[in-house]
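> Protein chains in written order, with the working numbering: chain A, 1 to 115; chain B, 1001 to 1112. Quick reminder that beta carbons are idealized off the backbone N, C-alpha and C, glycines included. Handing you a structure now.
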């Protein structure tokens, strides 16, 4: 079975400072990795995903994440945050089955950007 | 753009009522999902469907059922609502193997 851990439930950070949101996963098979963002009162939208290839993945809004297989991590980073980045961030893993894919989400990290 | 529409943003129901949450997607996606979102627990998969009339239990199916009679519509049914089913419910859809899910805006259900 697969699982996802997000170690920080809340991360406050000052505007224009860098941020890292941590994600670790466990799985006995190869997985695909995702970061989703949920802005207040909205559904989730995909920030970025890792399927294969380069371990550094760039997403929307200046975010990037690095896949580290040995540490089973997929941490999300941004060099300079904006007020508009205040949101809930979810790390997720997916395993492709024969006819469907099942996505498992972590508990989420609430990012608060302080002006 | 893909659009996933949930019929209600907010619902208040009484304990014991039968509750229907409706979700419609307009991009001909095979996969559809129902999650519930609770603080500190993230999103937990209730049920998913990979084709019309096909359904699979997720991690927390107890107290719920689903219906997929048409490809674009996936309904979540609470057979007898209970207060512990008060939550935010999110519907999503995706293409098989695409691995990118599109989410609706959510339905916040309160059971009193």
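Whole angstroms is fine: what's the gap from residue 1009 (chain B)'s alpha carbon to residue 109 (chain A)'s?
Residue mapping note: residue 1009 (chain B) aligns to position 9 of the second chain, counting from 1. Residue mapping note: residue 109 (chain A) aligns to position 109 of the first chain, counting from 1. Distance between the alpha carbons of residue 1009 (chain B) and residue 109 (chain A) is about 23 Å.
> Could you pull the start and end residues of the beta strand (DSSP E) that residue 83 (chain A) belongs to?
Translated into the one-based positions of the first chain, residue 83 (chain A) becomes position 83. Element bounds for residue 83 (chain A): n/a, residue is neither H nor E.
> Mark residue 1017 (chain B) as exposed unless 16 or more other C-beta atoms lie within 10 angstroms of its C-beta, in which case mark it buried.
On the second chain, residue 1017 (chain B) is found 17 positions in, with the first residue counted as 1. The residue is exposed, with fewer than 16 neighbouring Cβ atoms inside 10 Å.
> By a C-beta neighbour count over all protein chains shown, 10 Å radius and 16 as the cutoff for buried, is residue 1089 (chain B) buried or exposed?
Your numbering for residue 1089 (chain B) matches position 89 in the second chain. Buried, by the Cβ-count rule.
> DSSP state of residue 38 (chain A), grouped into three classes?
Position 38 of the first chain, counted from the first residue, corresponds to residue 38 (chain A). Here residue 38 (chain A) sits in strand by DSSP.
> I'd like to check one pair, residue 3 (chain A) with residue 25 (chain A): are the Cβ atoms closer than 8 Å?
One-based indexing of the first chain puts residue 25 (chain A) at position 25. One-based indexing of the first chain puts residue 3 (chain A) at position 3. Result yes, Cβ atoms of residue 25 (chain A) and residue 3 (chain A) sit closer than 8 Å.
> With a 10 Å radius around its C-beta and 16 neighbouring C-beta atoms as the bar for buried, classify residue 85 (chain A) as buried or exposed.
In the first chain, residue 85 (chain A) corresponds to position 85, counting from 1. The residue in question, residue 85 (chain A), is buried, as its Cβ has 16 or more Cβ neighbours within 10 Å.
> Please state the DSSP three-state secondary structure of residue 147 (chain A).
The structure shown does not extend to residue 147 (chain A), since chain A is modelled only from 1 to 115, so the question has no answer here.
> Between which two residues does the beta strand (DSSP E) harbouring residue 75 (chain A) extend?
Residue 75 (chain A) sits at position 75 when you count from the first residue of the first chain. 73-78 is the span of the beta strand (DSSP E), which, as asked, contains residue 75 (chain A).
> For residue 104 (chain A) versus residue 12 (chain A), is the C-beta spacing smaller than 8 Å?
Here residue 104 (chain A) is taken as the residue at index 104 of the first chain, counted from 1. Here residue 12 (chain A) is taken as the residue at index 12 of the first chain, counted from 1. Not in contact: residue 104 (chain A) and residue 12 (chain A) (Cβ atoms no closer than 8 Å).
> Can you tell me where the beta strand (DSSP E) holding residue 10 (chain A) begins and where it ends?
For the purposes of this step, residue 10 (chain A) is taken as residue 10 along the first chain, with counting starting at 1. Residues 10-14.
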